[in-house]
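Below is one structure, written out as structure tokens; comments come after it.
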Amino acid sequence: MHTTAGKLADLRRRIEEANHAGSARAVEKQHAKGKLTARERIELLLDEGSFVELDEFARHRSTDFGMEHNRPYGDGVVTGYGTVDGRPVAVFSQDFTVLGGSLGEVFGQKIMKVMDFALKTGCPVVGINDSGGARIQEGVMALGMYGEIFRRNTHASGVIPQISLVVGPCAGGAVYSPAITDFTVMVDQTSHMFITGPDVIKTVTGEDVGFEELGGARTHNATSGVAHHMAGDEKDAIEYVKSLLSYLPSNNLSEPPVFPEEADLEPTDEDRELDVLVPDSANQPYDMHTVVEHVLDDADFFETQPLFAPNILTGFGRVEGHPVGIVANQPMQFAGCLDIDASEKAARFVRTCDAFNVPVLTFVDVPGFLPGVGQEHEGIIRRGAKLIYAYAEATVPLITVITRKAFGGAYDVMGSKHLGADLNLAWPTAQIAVMGAQGAVNILHRRTIAAAGDGAAQEETRARLIQEYEDTLLNPYTAAERGYVDAVIMPSETRSHLVRGLRQLRTKRESLPPKKHGNIPL
Numbered sequence: 001m002h003t004t005a006g007k008l009a010d011l012r013r014r015i016e017e018a019n020h021a022g023s024a025r026a027v028e029k030q031h032a033k034g035k036l037t038a039r040e041r042i043e044l045l046l047d048e049g050s051f052v053e054l055d056e057f058a059r060h061r062s063t064d065f066g067m068e069h070n071r072p073y074g075d076g077v078v079t080g081y082g083t084v085d086g087r088p089v090a091v092f093s094q095d096f097t098v099l100g101g102s103l104g105e106v107f108g109q110k111i112m113k114v115m116d117f118a119l120k121t122g123c124p125v126v127g128i129n130d131s132g133g134a135r136i137q138e139g140v141m142a143l144g145m146y147g148e149i150f151r152r153n154t155h156a157s158g159v160i161p162q163i164s165l166v167v168g169p170c171a172g173g174a175v176y177s178p179a180i181t182d183f184t185v186m187v188d189q190t191s192h193m194f195i196t197g198p199d200v201i202k203t204v205t206g207e208d209v210g211f212e213e214l215g216g217a218r219t220h221n222a223t224s225g226v227a228h229h230m231a232g233d234e235k236d237a238i239e240y241v242k243s244l245l246s247y248l249p250s251n252n253l254s255e256p257p258v259f260p261e262e263a264d265l266e267p268t269d270e271d272r273e274l275d276v277l278v279p280d281s282a283n284q285p286y287d288m289h290t291v292v293e294h295v296l297d298d299a300d301f302f303e304t305q306p307l308f309a310p311n312i313l314t315g316f317g318r319v320e321g322h323p324v325g326i327v328a329n330q331p332m333q334f335a336g337c338l339d340i341d342a343s344e345k346a347a348r349f350v351r352t353c354d355a356f357n358v359p360v361l362t363f364v365d366v367p368g369f370l371p372g373v374g375q376e377h378e379g380i381i382r383r384g385a386k387l388i389y390a391y392a393e394a395t396v397p398l399i400t401v402i403t404r405k406a407f408g409g410a411y412d413v414m415g416s417k418h419l420g421a422d423l424n425l426a427w428p429t430a431q432i433a434v435m436g437a438q439g440a441v442n443i444l445h446r447r448t449i450a451a452a453g454d455g456a457a458q459e460e461t462r463a464r465l466i467q468e469y470e471d472t473l474l475n476p477y478t479a480a481e482r483g484y485v486d487a488v489i490m491p492s493e494t495r496s497h498l499v500r501g502l503r504q505l506r507t508k509r510e511s512l513p514p515k516k517h518g519n520i521p522l
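Heads up, the sequence shown is in UniProt numbering, so the first residue is 1 and it goes up one at a time.
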């Protein structure tokens with residue numbers, strides 16, 4: 001031990017011990033649940049051989065409850081940095097095979113240290129969550145560490161991309177770290193997030209609920225909107241994260257990765273499919289995915305939160321190799337109406353794109369906000385205003401395409417010229433008005449219709465007045481006359497207009513009034 005060779009051998013022994021801090025039995029149980037170990041997850045995420053570990057010999061100093069006899073290296077979390085597709089990324093991976101992945105003082109300090117490192121160096125941080133919660137034996141110190149992590153999540157927000165992988169339990173206060181991060185990915189059947197578990201809920205409220213129903217991946221992807229992707233297994237989850245990183249810059253002072261690919265601006269037969277996409281009947285739906293895929297490179301749409309608020313689509317794609325964010329009403333769901341969930345989903349996505357220099361393309365077919373007592377009582381006014389706020393504060397390039405309906409306040413909200421969009425395009429099928437023909441005629445011509453006589457005469461009069469209203473107002477040209485729409489274009493020319501617009505807007509510079517921060521209607 002006093003020789004150089006002895007010291008080197010001692011280091012190798014310690015490294016080996018740190019690399020196998022979890023018992024063979026604990027690792028076996030982890031694999032039996034279909035879960036990977038903390039180090040296996042890092043190996044899948046990072047480029048081969050790129051991982052540099054930090055604090056591998058850190059361990060807790062607790063002596064209560066016999067803890068002094070169980071002091072594994074690493075303290076239950078693996079931290080460090082490496083590369084994903086050659087780009088620097090910081091990572092922490094909680095190790096359920098060591099002390100149940102429970103968070104104690106040293107565990108928390110390791111996470112804080114790697115987050116500080118990511119913030120200083122301007123690289124994304126990926127947090128892999130698989131933890132039994134706070135380490136009870138360490139008391140309030142564990143709670144203090146959670147608070148320190150939350151503060152760092154908040155300070156890093158909008159500066160570096162933060163992505164959370166929840167691949168096991170994440171309960172109690174621990175859930176708030178993923179909640180603050182930009183994207184959360186969960187795995188079906190093995191991921192669970194909740195503030196209070198099924199047992200506590202049963203005791204306090206009498207409700208009987210299982211882990212999956214309460215806080216499983218499907219619940220948080222389809223119902224709560226907490227998560228952005230539900231993966232089939234951990235490998236799928238990690239691949240999703242790697243793809244997601246390819247659309248985001250390393251930090252807010254850099255641009256997203258570009259894979260230059262000059263577009264052919266001549267409409268193709270595929271482009272011309274858009275000319276016949278919108279049905280003649282305004283009440284007949286069509287799939288907005290078709291529009292989105294036709295304008296993106298290789299028809300590749302990387303959707304986020306596909307199961308939550310499906311009446312609006314959000315996600316990433318590329319145009320000429322440059323990443324863009326997509327927000328699009330989906331006529332196949334609730335006729336594309338905006339409701340509380342859709343407004344909040346889109347607002348958060350627009351703000352994420354704006355924070356990380358990703359242009360936003362908006363595709364509009366919206367008949368209005370979803371009517372209903374429930375929506376009003378649950379705060380559609382305040383919560384719908386978040387989408388207005390998100391578009392109005394965005395300074396990235398904003399291009400909006402109105403494909404069909406753009407009625408009432410929803411027209412304003414969906415990236416209109418009035419909120420600051422740079423280019424607003426409309427198809428000839430666009431209907432930009434206060435409301436649809438049926439409702440408008442019933443209000444404007446109530447007396448005329450009533451005076452028309454019997455039922456048949458009334459219907460004939462109503463049909464004539466509806467036709468007049470449609471001819472006069474239900475078109476894109478009134479808005480175009482006033483400059484609210486910059487151009488009315490053939491649907492088949494949409495991609496070429498977007499390409500030209502994005503090229504021009506790459507040098508866009510816009511400053512907002514100085515302030516400490518805005519007061520978004522949370």
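Cβ atoms here follow ideal geometry from the backbone N, Cα and C, with glycine treated the same way.
Note that the structure is predicted; figures quoted are calculated from it, not measured.
Member of the options whose CA lies at the smallest distance from the CA of residue i
| i | options | result |
| --- | --- | --- |
| Ile432 | Ala457, Leu103 and Ala406 | Ala406 |
| Val52 | Pro88, Leu244 and Glu17 | Pro88 |
| residue 531 | Phe369, His497 and Val396 | Beyond the ends of the chain as shown, which are 1 and 522, falls residue 531; an answer cannot be given. |
| Thr472 | Gln30, Asp298 and Ala440 | Ala440 |
| Thr461 | Arg12, Gln438 and Tyr411 | Gln438 |
| Glu255 | Gln284, Ile160 and Val98 | Ile160 |
| residue 561 | Ser416, Pro260 and Tyr411 | Because the chain here runs from 1 to 522, residue 561 falls outside it and cannot be looked at. |
| Glu40 | Thr4, Leu54 and Thr97 | Thr97 |
| Leu425 | Ala342, Val276 and Leu498 | Leu498 |
| Gly315 | Tyr391, Ala452, Gln504 and Glu293 | Glu293 |
| Arg383 | Thr181, Val413 and Cys170 | Val413 |
| Val126 | Met112, Glu138 and Gly139 | Met112 |
| His220 | Leu244, Ser246, Lys202 and Phe183 | Phe183 |
| Val187 | Gly215, Ser177 and Lys202 | Gly215 |
| Gly100 | Gly122, Gly168, Ser492 and Gly49 | Gly168 |
| Arg482 | Glu303, Leu465 and His418 | His418 |
| Gln162 | Asn251, Phe363 and Val291 | Asn251 |
| Ile520 | Val327, Ala385 and Ser157 | Ala385 |
| Asp55 | Glu48, Gly34 and Val106 | Val106 |
| Pro198 | Gly172, Tyr176 and Ala179 | Gly172 |
Length of the line joining the Cα atoms of residue i and residue j
| i | j | result |
| --- | --- | --- |
| Val78 | Gln94 | 6 angstroms |
| Ile42 | Gly372 | 47 angstroms |
| Asp300 | Leu46 | 24 angstroms |
| Lys516 | Leu387 | 21 angstroms |
| Arg351 | Phe194 | 26 angstroms |
| Leu103 | Tyr389 | 37 angstroms |
| Gly325 | Glu470 | 33 angstroms |
| Tyr73 | Glu270 | 58 angstroms |
| Lys508 | His31 | 51 angstroms |
| Leu36 | Asn129 | 12 angstroms |
| Leu361 | Leu8 | 57 angstroms |
| Pro257 | Ala355 | 15 angstroms |
| Ala392 | Val358 | 15 angstroms |
| Asp208 | Arg14 | 47 angstroms |
| Ser224 | Gly6 | 56 angstroms |
| Pro279 | Glu493 | 18 angstroms |
| residue 523 | Phe363 | The chain is shown from 1 up to 522; residue 523 falls before or after that span and cannot be answered. |
Rounded distance between the beta-carbons of residue j and residue i, thought under 8 angstroms
| i | j | result |
| --- | --- | --- |
| Gln330 | His228 | Contact flag wrong, Cβ pair sits at about 17 angstroms. |
| Tyr81 | Phe117 | 7 angstroms |
| Ala231 | Ala222 | Not confirmed; about 14 angstroms, so no contact. |
| Asp85 | Lys242 | 7 angstroms |
| Gly122 | Ile149 | With 8 angstroms as the limit, Gly122 and Ile149 do not qualify as a contact, their Cβ atoms being about 19 angstroms apart. |
| Pro491 | Asp287 | That belief does not hold up - the Cβ atoms of Pro491 and Asp287 are roughly 14 angstroms apart, past 8 angstroms. |
| Asn311 | Cys353 | Going by Cβ atoms, the distance from Asn311 to Cys353 rounds to 20 angstroms, so no, they are not a contact pair. |
| Phe92 | Lys110 | 7 angstroms |
Same chain, Cβ closer than 8 angstroms to residue i, five either side skipped, listed in chain order
| i | result |
| --- | --- |
| Gly436 | Ala282, Pro367, Lys405, Phe407 and Leu474 |
| Val488 | Leu425, Ala426, Trp427, Pro428, Ala430, Pro476, Tyr477 and Ala480 |
| Asp422 | Pro397, Leu398, Ile399, Gly501, Leu505 and Lys508 |
| Glu320 | Pro260, Glu261, Glu262, Ala263, Asp297, Val499, Leu502 and Arg503 |
| Gly379 | Ile340 |
| Ala212 | Checking the displayed sequence, the identity of residue 212 turns out to be Glu instead of Ala. Same-chain partners within the cutoff: Gln189, His192, Arg218 and Thr219. |
Spatial neighbours of residue i in its chain, beta-carbon cut-off 7 angstroms, leaving aside the 5 residues before and after
| i | result |
| --- | --- |
| Glu459 | none |
Residues of its chain near residue i, where Cβ-Cβ distance is below 6 angstroms and the 5 sequence neighbours each way are ignored
| i | result |
| --- | --- |
| Ile335 | Looking at the sequence shown, residue 335 is not Ile but Ala. So the list reads Pro367, once near-sequence residues are dropped. |
| Cys170 | Asn129 and Met193 |
| Ala347 | Lys386, Leu387 and Ala390 |
Unbroken beta strand (DSSP E) runs of length 3 or more, entirely within the region 142-208: which are they? 162-166, 169-171, 183-187 and 192-194
Fully enclosed by the region 196-270, which alpha helix (DSSP H) runs are 4 residues long or longer? 198-205, 211-215 and 234-245
I'd like the ranges of any beta strand (DSSP E) spanning at least 3 consecutive residues and lying wholly in the region 428-504. 431-433
Ignoring anything shorter than 4 residues or poking outside the region 362-428, list the alpha helix (DSSP H) runs there in chain order. 373-377, 380-393 and 408-413
Runs of alpha helix (DSSP H) wholly within the region 24-85 (minimum 4 residues, chain order): 24-32 and 38-45
Quick check on the DSSP output: what are the complete alpha helix (DSSP H) runs of length 4 or more inside the region 269-344, in order along the chain? 269-272 and 288-295
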